[in-house]
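So the sequence shown is numbered by the numbering used here: it starts at 1119 and just counts up by one. First up is the structure itself, then whatever we jot down about it.
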Amino acid sequence: MRSPKEVSLDNKIISAVSQFSLTGKAEEAAKLILGDDEIQAMQEYANVVSIKRLNYNDHGPVHMRTVALNCVIMSGLLKKAGITTSLEREECGTFEDSLVAMLLSASLHDLGMTIGRQDHELHSAYLSYPIIDRILREVYPDDIQMRVIVRSLAIEGIAGHMGGRTVHSLEAGVILIADGCDMKKGRARIPMAIANGPKVGDIHKYSANSIEDVLLSEGKEKPIRIEVLMSSEVGLFQVEEVLLGKIAASTVKNYVELYAVVENGAPKRYM
1119 MRSPKEVSLD NKIISAVSQF SLTGKAEEAA KLILGDDEIQ AMQEYANVVS
1169 IKRLNYNDHG PVHMRTVALN CVIMSGLLKK AGITTSLERE ECGTFEDSLV
1219 AMLLSASLHD LGMTIGRQDH ELHSAYLSYP IIDRILREVY PDDIQMRVIV
1269 RSLAIEGIAG HMGGRTVHSL EAGVILIADG CDMKKGRARI PMAIANGPKV
1319 GDIHKYSANS IEDVLLSEGK EKPIRIEVLM SSEVGLFQVE EVLLGKIAAS
1369 TVKNYVELYA VVENGAPKRY M
């Protein structure tokens, strides 16, 4: 059974996607993904492994939904600024097709955490493959070419989301940043609550616990403005060691303004 937070995110994702779903395919894909029992089960177990076995932060249903919502918001800001997706630029798909790929990537990118942290992005890729194929057969039942294209793009986003592998599409670049932007304290709430002593990886929990919010909006100089609000400077770890690296590895980096604001302090601009 989905939590109230998950249901709320589902509604926000579908509402955001519907603005761009001219043919209905992106909205259909969103509903199929968010309502899929296998995806939900794998997301939930990924969270169990991440939090209870590895003493890490949230890598489950709420995280993957948050990344999906971030993707839709950022993609919309890029579109508003006239930035085309790779599928549009290469004339082999529409903005809506790109959205389908990004929704799949975002919702499946951490399934590999069911196995472990090391190389989890590669585990996520092969675990996701049959699920992606199943979803796309419903969204594009008579178009094998589009199924191949969207599947390939989704896998690129999944395999490249850690920033350790070069991504080339704009869509995969959006996934990188959307993932990095899920850093606010709610993501560390459960690990902090069950902590019973210092452990490897604690800096991720404590730094994330100081992040009050991450705001995505239209920038003044660039299409996307990311503003990270934090209660203490320990949150700068998340910005400097996690988010900045993902932005640097992203094909979207030239379209981003990044600010960090420590409580009662002046905004610090990184880019």
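Ideal Cβ positions, reconstructed from N, Cα and C, are used throughout, including at glycine. The structure presented is a predicted model; accordingly, all values stated were derived computationally and were not measured.
Short Cβ contact (9 angstroms threshold) for E1289 with E1146: Indexing the sequence shown from 1 puts residue 1289 at position 171. Indexing the sequence shown from 1 puts residue 1146 at position 28. Not closer than 9 angstroms, so no.
For M1348, three-class secondary structure by DSSP: In the sequence shown, counting from the first residue as 1, residue 1348 sits at position 230. Looking at M1348 - three-state DSSP - the assignment turns out to be strand.
Applying the 10 Å Cβ sphere with the 16-neighbour rule, what's the burial state of Q1356? For this step, residue 1356 is matched to residue 238 along the sequence shown. Per the 10 Å Cβ criterion, buried.
Checking the sheet assignment: what are the DSSP bridge partners for R1387? To locate residue 1387, count along the sequence shown from 1; it is residue 269. DSSP lists Y1377 as partners of R1387.
Between the segment 1181-1194 and the segment 1221-1238, can you find at least three pairs of beta-carbon atoms closer than 8 angstroms? Contact between the segment 1221-1238 and the segment 1181-1194 is present: three or more C-beta pairs spanning the two stretches fall below 8 angstroms.
According to DSSP, is R1252 helix, strand or coil? Here residue 1252 refers to the residue found at position 134 when the sequence shown is read from its first residue. Of the three classes helix, strand and coil, the one that applies to R1252 here is helix, per DSSP.
Can you tell me whether I1295 is helix, strand or coil according to DSSP? For the purposes of this step, residue 1295 is taken as residue 177 along the sequence shown, with counting starting at 1. If DSSP states are grouped into helix, strand and coil, I1295 belongs with the helices.
In chain order, what residues of the same chain have a beta carbon less than 8 angstroms from the beta carbon of K1130, not counting five sequence neighbours either side? What you label residue 1130 is simply residue 12 of the sequence shown in a count that begins at 1. Listed in chain order, the non-local C-beta contacts of K1130 below 8 angstroms within the same chain comprise L1187, local neighbours out to five positions each way being set aside.
Using C-beta distances below 6 angstroms, list every residue in its chain close to I1342, excluding the 5 sequence neighbours before and after it, in chain order. Position 224 of the sequence shown, counted from the first residue, corresponds to residue 1342. The answer, listed in chain order, is M1192, L1195, Y1373 and V1374.
Considering only DSSP beta bridges, list what A1333 is partnered with. As a first step, residue 1333 is located in the sequence shown; it is residue number 215 there, counting from the start. The question names Ala, but residue 1333 is Leu in the sequence shown. Note: L1333 sits in a beta bridge opposite E1345.
Determine the DSSP secondary structure at H1279, reduced to helix, strand or coil. Against the sequence shown, residue 1279 aligns to sequence position 161. It is coil, neither helix nor strand.
Mapping the DSSP letters down to three states, classify Y1174 as helix, strand or coil. Here the question's residue 1174 lines up with position 56 in the sequence shown. Three-state DSSP puts Y1174 in coil, outside helix and strand.
Quick one: which unbroken alpha helix (DSSP H) runs of 4-plus residues sit fully inside the segment 1187-1273? Chain order, please. 1204-1207, 1213-1226 and 1238-1257
Against chain D, does V1180 count as a neighbour if the rule is that its beta carbon must be under 9 angstroms from one of theirs? The question asks about chain D, but that chain is absent: this structure has only one protein chain.
Let me confirm a value: T1141 is counted as buried when at least 16 other C-beta atoms fall within 10 Å, else exposed. Which label applies? Translated into the one-based positions of the sequence shown, residue 1141 becomes position 23. With fewer than 16 Cβ atoms within 10 Å of its Cβ, T1141 is classed as exposed.
Is it right to say S1133 is buried, meaning 16 or more other beta carbons lie within 10 angstroms of its own, or is it exposed? Within the sequence shown, residue 1133 is the residue found at index 15, counting from 1. The residue is exposed, with fewer than 16 neighbouring Cβ atoms inside 10 Å.
Closest by C-alpha distance to L1205, when choosing among I1157, M1264, V1380 and E1381: Counting from one through the sequence shown, the residue named residue 1205 turns up at place 87. Checking every option, the nearest Cα to that of L1205 belongs to M1264.
May I ask which residues mark the beginning and end of the alpha helix (DSSP H) holding G1094? No statement about residue 1094 is possible, as the shown extent of the chain runs from 1119 to 1389 and does not include it.
What whole-angstrom Cβ distance do V1346 and Y1377 have, given they're in contact under 8 angstroms? For this step, residue 1346 is matched to residue 228 along the sequence shown. For this step, residue 1377 is matched to residue 259 along the sequence shown. So it is a contact: roughly 7 angstroms between Cβ atoms.
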